[in-house]
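Take the sequence shown: its position 185, counted from the start at 1, is 165 in the numbering used here, and no numbers get skipped. Remarks on the structure that follows.
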Amino acid sequence: MTFPIDAFPKEDGDFGGSAPEIDRSSDRFFMREAIRQAFVAFEAGEVPVGAVVVHQDRIIGRAYNQTELLKDPTAHAEMIAITQAASSVGDWRLTGCTLYVTKEPCAMCAGAIVLARLDRVVFGAYDLKRGGAVSAFQILGDERLNHRPTVVGGVEEEAARTLLVEFFKQRRAGSVLDDGHHPSDGGHN
Ligand SMILES: [Zn+2]
-19 MTFPIDAFPK
-9 EDGDFGGSAP
1 EIDRSSDRFF
11 MREAIRQAFV
21 AFEAGEVPVG
31 AVVVHQDRII
41 GRAYNQTELL
51 KDPTAHAEMI
61 AITQAASSVG
71 DWRLTGCTLY
81 VTKEPCAMCA
91 GAIVLARLDR
101 VVFGAYDLKR
111 GGAVSAFQIL
121 GDERLNHRPT
131 VVGGVEEEAA
141 RTLLVEFFKQ
151 RRAGSVLDDG
161 HHPSDGGHN
């Protein structure tokens, strides 16, 4: 499939004379970086979710879902990006950081977000069935936990969702050829 965002910014200065300047502090800018990661996951046959962690307008963690490659159920984009970010700042506390992720975090990732004390979480597509942030579970707003980040959902939602919908459509089509039946979509992040 083609990349789901039209006129995607390529490199610095690659906009011609009349193009507007990119706001590098904007949520949409960093969400697009996360969507780039999700697209890499898509091409690799992984559930297409991407994430970046940003500190003072700088990306310090950048990852895509790698559960198939690593054969690791915890290898969600958010978990890998959080680990990278903690390594980058030399502290497990990611105070002052924002996580951008293309899909609403699952319960595991929402737990990790609380533990990492991230200031903000910005996600693209809502996950009404399994989302752990605000949909199926409200872990990021639970007053029993000692940290509650600011949460913004629905940023660049259409592009993020398009990747997921297309991925599962292709997987179902492929599995019909393989074994003659449709698996459920259960178990993905
Ligand atoms: Zn997750």
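Where a beta carbon is used, it is the ideal one built from N, C-alpha and C, also for glycine.
Quick check: what's the CA-CA separation for residue i versus residue j?
i	j	result
Asp52	Asp37	30 Å
Thr47	Val29	11 Å
Leu131	Pro(-16)	The question names Leu, yet the displayed sequence has Val at residue 131. Each residue's Cα considered, the two are about 24 Å apart.
His35	Leu79	9 Å
Ile93	Asn126	12 Å
His161	Trp72	Model confidence at His161 stands at a pLDDT of 42, short of 50, so the residue's coordinates are unreliable and nothing is read from them.
Ser67	Phe10	20 Å
Would residue i and residue j be called neighbours here (beta carbons separated by less than 8 Å)?
i	j	result
Phe147	Phe19	no
Ala113	Val101	yes
Ile62	Ala96	yes
Ala90	Cys77	no
Arg12	Glu136	yes
Asp107	Glu84	yes
Ala24	Leu49	yes
Which residue comes first and which comes last in the beta strand (DSSP E) that contains residue i?
i	result
Val69	Segment 57 to 69 is the alpha helix (DSSP H) holding Val69; no beta strand (DSSP E) there.
Leu125	No beta strand (DSSP E) holds Leu125; DSSP gives it neither H nor E.
Ala21	Not the beta strand (DSSP E): Ala21 falls in the alpha helix (DSSP H), residues 7 to 23.
Cys77	77 to 83
Ile40	38 to 44
Thr103	In the sequence on display, residue 103 carries Phe and not Thr. Where Phe103 is concerned, the enclosing beta strand (DSSP E) stretches over 100 to 105.
Please find out if some non-hydrogen atom of ligand 1 comes closer than 7 Å to the beta-carbon of residue i.
i	result
His56	yes
Cys86	yes
Cys77	no
Alpha helix (DSSP H) containing residue i: first to last residue?
i	result
Val94	87 to 96
Exercise for the section: Report yes or no: do three or more beta-carbon pairs, one from the stretch 111 to 130 and one from the stretch 48 to 66, lie closer than 8 Å? Expected result: Contact between the stretch 111 to 130 and the stretch 48 to 66 is absent, because fewer than three Cβ pairs lie under 8 Å.
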